[in-house]
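Have a look at the structure below before the remarks.
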């Protein structure tokens, strides 16, 4: 089998056409040189908004006292930033969401334990703390801000929303590294040894040379609720014209959920489009089984393309990344193996033996690095359903225990210690926190919590 490599396409330098953004990048570079890697916050400077126009700010920047080698004292740099910039995030203002309901109709009908239900309502109420709108100043003076003047309200992920590449000698190397970092960030696993050729060296990121299991699974994934609503014609007050507009917008999305699009196309009478995406989904399903599946391990593995610049590669078993990651089991979530109960059980057994299952949750990898990222219930397999519920219960328990201890939902959790939040990564771990709120509520929606099961009396590894 041959695999096409798109990573060999030459990358080009990325430079903003917005003067204020270019200046903020210059400011960030100066901050790194001034403070050093240990005291440098890479997420701060590009989010700053100017107090004065860019010309005056640049003039003041050029007038900061410098030594003979061009360096700036940290106190002088700090004074400049405080005088000429507002703090990062100050152009987002808290706003009460107008559609918030304390307890929505039909909220978590399977949760019968009052302690768990009260906690779930508190988690639900956190959406009020995460609701923001763009300040009027952004609309009045957009040239002073990098934030877009979005209308209405939005939900921020958390309440606070380093490896040096100096050893990269040439501009081409630095550009390629930036390209790999950007691609890595888009993967959602930023950062992980999963994308590194050398697990101890961030500069060996080679994200664009990897065919990832999970991305291909997401592209293939069917959204059951869309199908169910379409079958029952529950389009509400949305007109047929609006549905057509939605369909074509979905089709233009960068990541096309192929089976979803095929079904919507069929509903709308777009038979040729439906046929095209059905064929595409079948081809992707075959590719997932052919390229990623490892029979011996009982897992689907990422596939590494070579670095020779060839556009086409012959499939080789040695190019599968045999390190164990949670993403190796993603095809269970898309119900790829459901037609073969033997394979489902094989994958579930592999997961149990993988070392990823801990007392509090599932680890993303077996590598204990400083990187922050180092669906079985739908199966007809009893083994898979039992395992899915076990994992869900562990996650709910550690979320509950941590919340009772800290009063917050967290971005990361320690999978080995029940009730402890995680650390590591490229920035201070956030609280809030959008996606963990959603996940725990979704798990409670799916599995519920029985009235007679005291969540406080059980450890994370007990059911």
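Residue numbers (this note's numbering): 81 to 543. Every residue, glycine too, gets a C-beta built ideally from N, C-alpha and C.
| field | Contact under 7 Å by Cβ, residue 386 with residue 427 | value | no
| query | Does the distance from the C-beta atom of residue 213 to that of residue 233 stay below 7 Å? | reply | yes
| Bounding residues of the alpha helix (DSSP H) (the contiguous stretch that carries residue 104) | 99-115
| field | N-terminal and C-terminal residue of the beta strand (DSSP E) that residue 197 is part of | value | No beta strand (DSSP E) holds residue 197; the alpha helix (DSSP H) holding it covers 194-209.
| query | Between the segment 114-127 and the segment 96-105, do at least 3 Cβ pairs fall closer than 8 Å? | reply | yes
| Close-in-space but distant-in-sequence residues of the same chain around residue 517 (CB under 7 Å, 5 per side omitted) | 203, 206, 489
| task | Excluding the 5 residues preceding and the 5 following residue 297 in the sequence, name in chain order all residues of the same chain whose CB lies nearer than 6 Å to its CB. | result | 410, 411, 414
| query | Going by Cα to Cα distance, which pick from 338, 209, 260 is closest to residue 172? | reply | 209
| field | Cβ shell of residue 276 (< 8 Å), same chain only, five flanking positions each side left out | value | 282, 284, 285, 286
| task | Label residue 491 either buried or exposed according to how many other C-beta atoms from any shown protein chain fall within 10 Å of its C-beta, with 16 as the threshold for buried. | result | buried
| task | Sort out for me which residues DSSP pairs residue 529 with in a bridge. | result | 191
| task | Would you tell me roughly how many angstroms separate the C-alpha atoms of residue 402 and residue 382, rounded to the nearest one? | result | 8 Å
| Contact belief for residue 434 with residue 404 at Cβ below 8 Å, rounded distance in angstroms | 5 Å
| message | Quick check on this structure: which residue in 515, 220, 183, 425 has the alpha carbon closest to the alpha carbon of residue 468? | response | 425
| Beta-carbon proximity check, residue 353 vs residue 363, cutoff 7 Å | no
| Leaving out five residues before and five after residue 365 in sequence, what residues of the same chain have Cβ atoms less than 8 Å from its Cβ? | 300, 416
| message | Within a Cβ cutoff of 6 Å, which residues of the same chain sit near residue 241, ignoring the five residues on either side of it in sequence? | response | The pLDDT assigned to residue 241 is 45, lower than 50, so where the model puts this residue is not dependable; a value taken from the coordinates is nonetheless given after this. Cβ neighbours of residue 241 beyond the five flanking positions: none.
| query | Who are residue 374's beta bridge partners in DSSP? | reply | 379
| Shortest alpha-carbon distance to residue 395 belongs to which of 351, 374, 182, 177? | 374
| query | By DSSP, does residue 400 sit in helix, in strand, or in coil? | reply | strand
| Secondary structure at residue 523, three-state DSSP: helix, strand or coil? | helix
| field | Rounded straight-line distance, which links the Cα of residue 255 to that of residue 133 | value | 30 Å
| Per DSSP, which one or two residues make a beta bridge with residue 214? | 172
| task | Would you identify the three-state DSSP class for residue 535, choosing helix, strand or coil? | result | coil
| Supposed close pair residue 442, residue 481 - CB separation, criterion 8 Å | The pair is not a contact, with the Cβ atoms about 17 Å apart (cut-off 8 Å).
| Bounding residues of the alpha helix (DSSP H) (the contiguous stretch that carries residue 407) | Neither: residue 407 is in no alpha helix (DSSP H) and is coded neither H nor E.
| task | Write down the C-beta distance between residue 114 and residue 147 rounded to the nearest angstrom, noting that I regard them as a contact closer than 8 Å. | result | Their Cβ separation, rounded to whole angstroms, is 11 Å, which puts residue 114 and residue 147 out of contact at 8 Å.
| query | Going by other Cβ atoms of all chains shown within 10 Å of its Cβ, with 16 needed for buried, is residue 342 buried or exposed? | reply | buried
| residue 234 - containing beta strand (DSSP E), residue span | 233-235
| message | I'd like the span of the alpha helix (DSSP H) that includes residue 136, first residue to last. | response | 134-142
| Own chain partners of residue 137 with C-beta closer than 6 Å, once the 5 adjacent residues on each side are dropped | 130, 164
| said: With a threshold of 7 Å between beta carbons, is residue 338 in contact with chain E? | reply: Absence of chain E from the displayed structure is noted, only one protein chain being present.
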